[in-house]
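Enquirer: The listed protein sequences derive, respectively, from chains A and B. Going by my numbering, the first residue of the first sequence is number 1, and it counts up by one from there. Going by my numbering, the first residue of the second sequence is number 1001, and it counts up by one from there. Virtual Cβ for every residue (Gly too), placed ideally from N, Cα, C. This is the structure, below, for whatever I ask next.
There are 2 protein chains.
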Amino acid sequence: MTKKVSIPAKGRPREFDREQALGQALKVFWSKGYEGASLTDLTAAMGINRPSLYAAFGDKESLFRAAVDRYEAERLSFIQRALDQPTALAVVESMLQGVVRLQTRPGTPAGCFMVQAALVTGDGAKGVCEELRSRRSAGEVALRKRLQRAKKEGDLSSDANPADLARYVSTVIRGLAVQAASGATSAELRRVVQLTLRAWPG
Amino acid sequence: MTKKVSIPAKGRPREFDREQALGQALKVFWSKGYEGASLTDLTAAMGINRPSLYAAFGDKESLFRAAVDRYEAERLSFIQRALDQPTALAVVESMLQGVVRLQTRPGTPAGCFMVQAALVTGDGAKGVCEELRSRRSAGEVALRKRLQRAKKEGDLSSDANPADLARYVSTVIRGLAVQAASGATSAELRRVVQLTLRAWPG
DNA sequence: AGCATTTTGTACCGTTCAGTACAAATCAGA
DNA sequence: TCTGATTTGTACTGAACGGTACAAAATGCT
Chain A
1 MTKKVSIPAK GRPREFDREQ ALGQALKVFW SKGYEGASLT DLTAAMGINR PSLYAAFGDK
61 ESLFRAAVDR YEAERLSFIQ RALDQPTALA VVESMLQGVV RLQTRPGTPA GCFMVQAALV
121 TGDGAKGVCE ELRSRRSAGE VALRKRLQRA KKEGDLSSDA NPADLARYVS TVIRGLAVQA
181 ASGATSAELR RVVQLTLRAW PG
Chain B
1001 MTKKVSIPAK GRPREFDREQ ALGQALKVFW SKGYEGASLT DLTAAMGINR PSLYAAFGDK
1061 ESLFRAAVDR YEAERLSFIQ RALDQPTALA VVESMLQGVV RLQTRPGTPA GCFMVQAALV
1121 TGDGAKGVCE ELRSRRSAGE VALRKRLQRA KKEGDLSSDA NPADLARYVS TVIRGLAVQA
1181 ASGATSAELR RVVQLTLRAW PG
């Protein structure tokens, strides 16, 4: 647990809160995508000017990567809590409900940052596109490992395929992201979750 | 059935095939997204120069809308065939399999044009973003109506909810799109389809 | 007070963007 | 071989892009 109480330092003190500004940048990338978010959009939302942005975060891609980390740390903590559930069914149920809550929460952009910030891009942004792809894959891998454990523990039927089940749940999660970005309500998506769970073995 | 045999015309004849060029533009938008596709990308893939593009298609947004129509007419015809299947289960099974085939076909970009070409955008492209959203919604509506008919015909159990089922299937379809865009194979996605169908009532 | 250090605001850089002016080229019809 | 109509290639436009130079302002340290 590291304190964040800004050590004195010696030059002119920064006039904005770095974490709060990063949070605003995250929202811009989240709602407009990496390519759709201009530096003008970003600095306006963050309440700072360009040199301050570059001094604090580096270039646009570095700022984006900081936003990815921030999203994961601040918004995806429910995933670990879901993985810690005692049964496989409880894990996926908790995960799906958490996804719906995150992606339809008022005050934050609809949909999933990891999907819509850079699902596909032009040549100049292939790096961030691949970064998000890799992070999405990591989520699916974590779920697969959890289901493999559940199968070993007898908590998941012996003829179930953890890899396929993890991919199925991940696919629904990505679909929920698109639906949320398109304006679906949380009530609608909760009913999708209910139907999704009917495919669960056992 | 209208013939396309290029009527005589009187000025200098066009040196490229409009439909073939549109097909190339579609692929560029499909793989890079609306914002990620520059006019330089487009003209290079189409094998024409800018004035030819503007004379034949209008501005970038008009070209994009023509590509949307082309995609729908050329790639989504399987949807109508799926809706024509005799039973509700056959409808969704046919539709899901068609989606997997389309989104993992070699020679065309991975994923779904309707999703990734403009899932979210900057302010300058909200029009095309909304256009795609509306087209996606139309697909879900068509499926819902088909399932409502199936319920009336007794082909879908009386306690099933067509709206929820249509949204569930649509959500999986959107998820398949994201997975395909991320590099999932058709074999992997077919197994997702199998699991999806296990949630089907009856 | 004076110096070193850092941030801030303005004003700018070169590049790329979507879109176009214009003249040469190629056709149909007279 | 003209004339009118259309397409083609080059070369360009103004605007927006990401990124930065620079001087003024604000701090800690001596």
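For A1184(B) and R70(A), I'd like the C-alpha separation in whole angstroms.
Expert: 27 angstroms
Enquirer: Determine the direct distance from the alpha carbon of V1120(B) to that of T108(A), and round the result to whole angstroms.
Expert: 14 angstroms
Enquirer: Check each residue of the region 160-171 of chain A: if its Cβ is closer than 8 angstroms to any Cβ of chain B, include it; give the result in chain order.
Expert: For the region 160-171 of chain A, the set of residues with a beta-carbon nearer than 8 angstroms to any beta-carbon of chain B comprises N161, D164, L165, R167, Y168, S170, T171, in chain order.
Enquirer: Within 8 angstroms, do at least three Cβ pairs link the region 125-142 of chain A to the region 1149-1157 of chain B?
Expert: no
Enquirer: Write down every uninterrupted run of the alpha helix (DSSP H) in the region 143-201 of chain A whose length is 4 residues or greater and which is fully enclosed by it, in chain order.
Expert: 162-181, 186-197
Enquirer: Please list the partners that L176(A) has in chain B, where partner means a Cβ-to-Cβ separation under 7 angstroms.
Expert: T1171
Enquirer: Would you check if there are 3 or more beta carbon pairs closer than 8 angstroms linking the region 142-149 of chain A to the region 164-179 of chain A?
Expert: yes
Enquirer: What residues in its chain sit with their C-beta under 7 angstroms from that of A1082(B), if we drop five residues either side in the sequence?
Expert: V1091, S1094, M1095, G1098
Enquirer: With DSSP as the reference, label P106(A) as helix, strand or coil.
Expert: coil
Enquirer: Can you give, in chain order, each stretch of the alpha helix (DSSP H) that sits fully within the region 1059-1086 of chain B and has at least 4 residues?
Expert: 1060-1075, 1077-1083
Enquirer: Leaving aside the five residues before and after S186(A) along the sequence, list all residues of the same chain whose C-beta is less than 6 angstroms from its C-beta, in chain order.
Expert: V100, T104
Enquirer: Can you tell me where the alpha helix (DSSP H) holding L26(A) begins and where it ends?
Expert: 18-32
Enquirer: Could you run through the region 1007-1039 of chain B and flag, in chain order, every residue whose CB is less than 7 angstroms away from some CB of chain A?
Expert: Listed by position, the residues of the region 1007-1039 of chain B near chain A (Cβ gap below 7 angstroms) are S1031, K1032, G1033, E1035, G1036, A1037, S1038.
Enquirer: Does E1188(B) get closer than 9 angstroms to chain A when you measure Cβ to Cβ?
Expert: Taking Cβ atoms only, chain A reaches closer than 9 angstroms to E1188(B), which makes this a yes.
Enquirer: Taking D1041(B) as part of the alpha helix (DSSP H), name the residues at either end of that continuous run.
Expert: 1039-1046
Enquirer: Helix, strand or coil for V120(A), going by three-state DSSP, please let me know.
Expert: It is coil, neither helix nor strand.
Enquirer: My assumption, with CB atoms under 8 angstroms, is that A177(A) sits in contact with G111(A). Please give the rounded CB distance.
Expert: 5 angstroms
Enquirer: From what residue to what residue does the alpha helix (DSSP H) around P51(A) run?
Expert: 50-57
Enquirer: Residues in its own chain within less than 7 angstroms of F1064(B) by CB, not counting five upstream and five downstream?
Expert: F1029, Y1034, V1128
Enquirer: Quick check: what's the CA-CA separation for K27(A) versus A180(A)?
Expert: Using only the alpha carbons, I get a separation of about 15 angstroms.
Enquirer: Looking at R1136(B) and S182(A), is the spacing between their C-beta atoms short of 9 angstroms?
Expert: yes
Enquirer: Let me check understanding here. Comparing Cα to Cα, which of F1113(B), S1052(B), L1189(B) lies closest to E1074(B)?
Expert: F1113(B)
Enquirer: For A138(A) and A1056(B), I'd like the C-alpha separation in whole angstroms.
Expert: 45 angstroms
Enquirer: Relative to the alpha-carbon of S170(A), which residue among K1126(B), V1192(B), T1043(B) has its alpha-carbon at the smallest distance?
Expert: V1192(B)
Enquirer: So, are the CB atoms of R146(A) and A88(A) less than 9 angstroms apart?
Expert: yes
Enquirer: Please list, in chain order, the chain A residues whose beta carbon lies closer than 7 angstroms to that of A1181(B).
Expert: L119, V120
Enquirer: For S62(A), is the classification buried or exposed, using 16 other Cβ atoms within 10 angstroms of its Cβ as the cut-off for buried?
Expert: exposed
Enquirer: Using a Cβ cut-off of 9 angstroms (strictly closer), state whether A184(A) contacts chain B.
Expert: yes
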